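Undergrad:
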Amino acid sequence: MQAVIKTENLHKTYDDDGVPVHAVRGVDLEIHGGEFTALVGPSGSGKTTLLNMMAGLDTPSKGQAFLEDKSIGRMSGRELSDFRRDKIGFIFQAYNLIPVLTTAENVEYVMLLQGVSAEERRKRVEEMLEDVGLEDYIDTLPSKLSGGQQQRVAIARAMAAKPSLVMADEPTANLDSETSGELLDMMRELNRSTGMTFLFSTHDEIVMERATRVVILRDGRIAEDERKA
Amino acid sequence: MYLRFLKVAWRNLLRNKRRTLIAGIAIGIGLASLIFTDAVIIGMSDGLVRSATSSWMGDLQIHNQNFSRSMSAELTIERPDSVLSSLASDPRVKNYTRRVVAQGMLSSAADMSMVALYGIDPSRERSVSMLDEAMVEGSYVGGESHLVIGVDLADQLDVELGDRVVVTISMAGTGDLYQEMLRVGGLYRFGSAEFDKTTAFVSLEKAQSMLGLSGVHEIAVDYRGAEHWRSAPEEEIAHLAESGNVVESWVELLPQLQVMFEMSDLSTLIVGVVLFGIVIFGIINTLFMSIYERMFEFGVLKAIGTRATDVAKLMLMEAAWLGLLSIVLGSVLGLGLNLLFAEIGIDYTGIETAGVTFREPIYTISTANQFIKYPIIVFFVTLIVGVYPAVHAARLKPADAMRKSL
Ligand SMILES: Nc1ncnc2c1ncn2[C@@H]1O[C@H](COP(=O)(O)OP(=O)(O)OP(=O)(O)O)[C@@H](O)[C@H]1O
Ligand SMILES: [Mg+2]
Numbered sequence: 319m320q321a322v323i324k325t326e327n328l329h330k331t332y333d334d335d336g337v338p339v340h341a342v343r344g345v346d347l348e349i350h351g352g353e354f355t356a357l358v359g360p361s362g363s364g365k366t367t368l369l370n371m372m373a374g375l376d377t378p379s380k381g382q383a384f385l386e387d388k389s390i391g392r393m394s395g396r397e398l399s400d401f402r403r404d405k406i407g408f409i410f411q412a413y414n415l416i417p418v419l420t421t422a423e424n425v426e427y428v429m430l431l432q433g434v435s436a437e438e439r440r441k442r443v444e445e446m447l448e449d450v451g452l453e454d455y456i457d458t459l460p461s462k463l464s465g466g467q468q469q470r471v472a473i474a475r476a477m478a479a480k481p482s483l484v485m486a487d488e489p490t491a492n493l494d495s496e497t498s499g500e501l502l503d504m505m506r507e508l509n510r511s512t513g514m515t516f517l518f519s520t521h522d523e524i525v526m527e528r529a530t531r532v533v534i535l536r537d538g539r540i541a542e543d544e545r546k547a
Numbered sequence: 382m383y384l385r386f387l388k389v390a391w392r393n394l395l396r397n398k399r400r401t402l403i404a405g406i407a408i409g410i411g412l413a414s415l416i417f418t419d420a421v422i423i424g425m426s427d428g429l430v431r432s433a434t435s436s437w438m439g440d441l442q443i444h445n446q447n448f449s450r451s452m453s454a455e456l457t458i459e460r461p462d463s464v465l466s467s468l469a470s471d472p473r474v475k476n477y478t479r480r481v482v483a484q485g486m487l488s489s490a491a492d493m494s495m496v497a498l499y500g501i502d503p504s505r506e507r508s509v510s511m512l513d514e515a516m517v518e519g520s521y522v523g524g525e526s527h528l529v530i531g532v533d534l535a536d537q538l539d540v541e542l543g544d545r546v547v548v549t550i551s552m553a554g555t556g557d558l559y560q561e562m563l564r565v566g567g568l569y570r571f572g573s574a575e576f577d578k579t580t581a582f583v584s585l586e587k588a589q590s591m592l593g594l595s596g597v598h599e600i601a602v603d604y605r606g607a608e609h610w611r612s613a614p615e616e617e618i619a620h621l622a623e624s625g626n627v628v629e630s631w632v633e634l635l636p637q638l639q640v641m642f643e644m645s646d647l648s649t650l651i652v653g654v655v656l657f658g659i660v661i662f663g664i665i666n667t668l669f670m671s672i673y674e675r676m677f678e679f680g681v682l683k684a685i686g687t688r689a690t691d692v693a694k695l696m697l698m699e700a701a702w703l704g705l706l707s708i709v710l711g712s713v714l715g716l717g718l719n720l721l722f723a724e725i726g727i728d729y730t731g732i733e734t735a736g737v738t739f740r741e742p743i744y745t746i747s748t749a750n751q752f753i754k755y756p757i758i759v760f761f762v763t764l765i766v767g768v769y770p771a772v773h774a775a776r777l778k779p780a781d782a783m784r785k786s787l
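This is the structure we're talking about:
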């Protein structure tokens, strides 16, 4: 099977006031279509750094990342922007949403950038908000939503744009365990029903339990890579 | 999509209403000051020109083309009859009056003084100048040996109403000196020290007979369309002068005023530059504060695929909205100030500027230009200043922006 995203000997060394910090040291990772992968590791193990490089948000010090066999490192700023817009749906730990936009407008935003027609946008917004159970909050501003609801809007936004991969950096870190469980179940369900590929970093047992593949990162290297049935 | 961006930009601006309002008011005050300064300067120019033209000069004056150079008595207006008939037939000419001007000397027992002795047509003069209204003692020009001088000159010569003074002038053609004793029949005060001390009046016939001529040196014209600080366009008035004569408006007659107005343009410019210095600082500050508060948000915007150029556009739209808000506030404030001071005026009466004395308070004058030119300038300055924070926001690296703000 073709990899959605692939890294080859990826390294990242930060310069912290003259002291080199080796955040990622040689990661080879392939994420395949339809996978529901958890990237796990202690704080400082390089999860965020790795995800950022895979999404073209950060440049590797060495090695390369490929999306659908296209090298991310070769892209111009604008190509990278458009690549993220079209290929990757992001969910961050918190404050994902644009505060001045309503739920529907937030979900619509990336589609607007993509140039999706108004009618199609409306249809997808409706579908996605139903999928994440927020059809009653269409015109609500993010500040009026709970943390869990905000994350669900972020999922809806990420998926509405029909990316190749949804990437989430600790999507449950700010949520209580019950809400985290619900959110993960929902993502897993969406993964199953749509075949969308998910890659997320987490410390969370609740998240790991639900993953179909768990990649453990330690000191910037892959320590374990376990596929579950 | 840009419509949506405009909406987003507007909402972003409203996120911190107080800061936006403060910035808007600051820029607005800058704009209002410019509008008001301009209105005051135009009002002042208008007042000065009107003081000068309505008190004595008239809107236009016709002379022999050589008269201003030598002031010789024989240089009277050429073909006066056809000049007068073209004045009479021009609908823009409201009134006109003929004058004779002689350089002369007044002597009393106490002192003597050089004067310009004007012979005027008392009844026509009333309709053009304000000498009749400037009379403070005695009676207005009229009668054979009736002389009207300024109060200040009377003080200097130590004469009172009814006293006699000797007038000496040189006659036309021969240049022979002519002397005659005249009675001080009236005292006037225009309020301009220079004019009041050096100008005396007799009737037109008297002056003509003293000089031994039948023509006149000057025709002062009250001209429609030359009101206000604008002078009558040259090509429009040229036909009033027959060949051999010149017709001039205050621009030529009071060159010092023209110079002063040019200087006030310069001072408006300086006021403008200083104000904009402050305003620019305010805009940059406001926009950068809003960027720093929203670092994470910019990170998210860029991460999810907003192009750098679109982030810049978004910030520029915020600057544009801020500019728009500011010019609305500023224009309203400026208009308010203009209307207020057009009503109550700024008291400058009696103060002499460039040889002309304000006879009335300065009333601000609003022009369309003030509410078009200045707001447009302010808007574009805001936009141009917005480029810097916009580029800054566009260049933010999403990973950095999101890390720094956490
Ligand atoms: N911009 C940077 N400059 C310097 N050091 C950095 C920078 N970004 C990350 N690091 C360092 O790189 C290492 C890996 O950081 P990273 O954020 O990738 O870890 P993480 O696994 O995501 O941790 P956490 O679970 O706390 O989010 C850490 O030691 C961090 O301090
Ligand atoms: Mg992290």
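Protein sequence lines, in the order shown, are assigned to chains E and X.
Under this note's numbering, the first residue of the first sequence carries the number 319, and numbering increases by one thereafter.
Under this note's numbering, the first residue of the second sequence carries the number 382, and numbering increases by one thereafter.
Each residue gets a CB set at the ideal place from its N, CA and C atoms; glycine is no exception.
Keep in mind it's a predicted model, so treat the numbers as computed, not measured.
#1: Buried or exposed: Y720 of chain X, going by 16 or more other Cβ atoms within 10 Å of its Cβ?
#2: Give me the Cα-Cα distance between L705 of chain X and E674 of chain X, rounded to the nearest whole angstrom.
#3: Quick one: which unbroken alpha helix (DSSP H) runs of 4-plus residues sit fully inside the segment 348-409 of chain E? Chain order, please.
#4: Tell me which residues pass a beta-carbon proximity test against ligand 2: closer than 7 Å to any heavy atom, given in chain order.
#5: When you check each C-beta in the segment 676-694 of chain X against every C-beta of chain E, which residues fall closer than 9 Å?
#6: On the DSSP letters alone, give me the boundaries of the beta strand (DSSP E) that K475 of chain X sits inside.
#7: Assuming F679 of chain X is part of the alpha helix (DSSP H), what are its boundary residues?
#8: Tell me which same chain residues have a C-beta within less than 6 Å of the C-beta of S363 of chain E, skipping the five on either side of it?
#9: Using Cβ-Cβ distances below 8 Å, what residues of the segment 372-398 of chain E are close to chain X?
#10: Does the beta-carbon of L332 of chain E, which I'm using as the reference point, lie nearer than 7 Å to any heavy atom of ligand 1?
#11: Do L568 of chain X and G524 of chain X come within 8 Å of each other at the CB atom, strictly closer than that value?
#12: If K405 of chain E sits next to L385 of chain E, beta carbons under 8 Å apart, how far is it from one beta carbon to the other, in whole angstroms?
#13: Taking C-beta pairs closer than 7 Å, name the residues in chain E that A780 of chain X reaches, listed in chain order.
#14: How is the beta strand (DSSP E) around A581 of chain X delimited, first residue to last?
#15: Note down, in chain order, every chain E residue with its Cβ under 8 Å from the Cβ of R396 of chain X.
#16: What in chain X is Cβ-close to Y548 of chain E, meaning under 8 Å?
#17: Does the segment 511-519 of chain X touch the segment 476-487 of chain X, meaning 3 or more C-beta pairs lie closer than 8 Å?
#18: Is it true that the CB of Q469 of chain E sits closer than 8 Å to the CB of L452 of chain E?
#19: How long is the line joining the alpha carbons of L656 of chain X and L412 of chain X, rounded to whole angstroms?
#20: Could you tell me the alpha carbon to alpha carbon distance between L395 of chain X and T401 of chain X, rounded to whole angstroms?
#21: Hey, could you find the ends of the beta strand (DSSP E) L483 of chain E is sitting in?
#22: Which same chain residues end up closer than 8 Å to K694 of chain X when comparing Cβ atoms and leaving out the 5 residues on each side of it in sequence?
#23: For Q442 of chain X, count the other beta carbons within 10 Å of its own beta carbon; 16 or more makes it buried, fewer makes it exposed. Which is it?
#24: In chain E, which residues lie less than 8 Å from V389 of chain X when you measure between Cβ atoms?
#25: Report yes or no: do the segment 678-687 of chain X and the segment 409-417 of chain E share at least 3 C-beta pairs separated by less than 8 Å?
#26: Below 8 Å between beta carbons: does that hold for A581 of chain X and G500 of chain X?
#27: Where does M382 of chain X fall in DSSP's three states?
#28: Cα separation between F516 of chain E and A486 of chain E?
#29: Under the rule that 16 or more other beta-carbon atoms within 10 Å means buried, what is M495 of chain X, buried or exposed?
#30: Starting from the beta carbon of F408 of chain E, find every residue of chain X whose beta carbon is closer than 7 Å, and list them in chain order.
#31: Which residue or residues does DSSP assign as beta-bridge partners of V546 of chain X?
#32: Can you tell me whether G556 of chain X is helix, strand or coil according to DSSP?
#33: For the beta strand (DSSP E) that contains A619 of chain X, what are its first and last residues?
#34: Any heavy atom of ligand 1 inside 7 Å of the beta-carbon of S361 of chain E?
#35: Excluding five sequence neighbours on each side, which residues of the same chain lie with their C-beta closer than 6 Å to the C-beta of D348 of chain X?
#36: Hey, does R385 of chain X have any beta-carbon neighbour from chain E nearer than 8 Å?
TA: Let me lay it out:
#1: According to the sequence provided, residue 720 of chain X is Leu. The question's Tyr does not apply to it. L720 of chain X should be labelled exposed.
#2: Their Cα atoms are separated by approximately 23 Å.
#3: Entirely contained in the segment 348-409 of chain E, the alpha helix (DSSP H) runs reaching 4 residues are, in chain order, 365-372, 395-405.
#4: Output, sorted by chain position: E:K365, E:T366, E:D487, E:E488, E:S519.
#5: Answer in chain order: F677, E678, G680, V681, L682, K683, A684, I685, G686, T687, R688, A689, T690, D691.
#6: From DSSP, the beta strand (DSSP E) with K475 of chain X extends over 474-488.
#7: Per DSSP, F679 of chain X belongs to the alpha helix (DSSP H) from 676-684.
#8: Around S363 of chain E: L535, R536.
#9: Result list: A373, L375, D376, G395, R396.
#10: Residue identity differs from the one stated: residue 332 of chain E is Tyr in this sequence, not Leu. Within the cutoff, so yes.
#11: Contact check for G524 of chain X against L568 of chain X fails: the beta carbons are separated by 8 Å or more.
#12: The Cβ separation is near 6 Å, so the contact holds.
#13: Neighbours of A780 of chain X on chain E, chain order: N370, L375, D376.
#14: Where A581 of chain X is concerned, the enclosing beta strand (DSSP E) stretches over 580-584.
#15: Result: P417, V418.
#16: With chain E represented from 319 up to 547, any question about residue 548 of chain E goes unanswered, as that position is not in the structure.
#17: The way I'd put it, the segment 476-487 of chain X doesn't touch the segment 511-519 of chain X; fewer than three beta-carbon pairs between them come closer than 8 Å.
#18: No, Cβ-Cβ distance for L452 of chain E and Q469 of chain E is not below 8 Å.
#19: For L656 of chain X and L412 of chain X, the distance between alpha carbons rounds to 8 Å.
#20: For L395 of chain X and T401 of chain X, the distance between alpha carbons rounds to 7 Å.
#21: Residues 483-487.
#22: If the five residues before and after K694 of chain X are omitted, its C-beta is found closer than 8 Å to the C-beta atoms of Y383, F386, A771, all from its own chain and listed in chain order.
#23: Counting the other Cβ atoms within 10 Å of the Cβ of Q442 of chain X gives 16 or more, which makes it buried.
#24: Within 8 Å of the CB of V389 of chain X, the CB atoms of chain E belong to I416, V418, L419, in sequence order along the chain.
#25: As far as the Cβ criterion goes, the segment 678-687 of chain X touches the segment 409-417 of chain E, which means the pair count is three or higher.
#26: If you check the CB distance, A581 of chain X and G500 of chain X do not come in under 8 Å.
#27: Residue state, collapsed to three classes: coil.
#28: About 8 Å.
#29: Its Cβ having fewer than 16 others within 10 Å, M495 of chain X is exposed.
#30: Against chain X, a Cβ distance below 7 Å from F408 of chain E picks out A684, I685.
#31: Under the DSSP definition of a beta bridge, V546 of chain X partners with X:L563.
#32: Under the three-state reduction of DSSP output, G556 of chain X falls in the coil class, being neither helix nor strand.
#33: From DSSP, A619 of chain X is part of no beta strand (DSSP E); its letter is neither H nor E.
#34: For ligand 1, at least one heavy atom lies less than 7 Å from the Cβ of S361 of chain E.
#35: Absent from the structure is residue 348 of chain X, since the part of chain X shown begins at 382 and ends at 787.
#36: So yes, R385 of chain X belongs to the interface.
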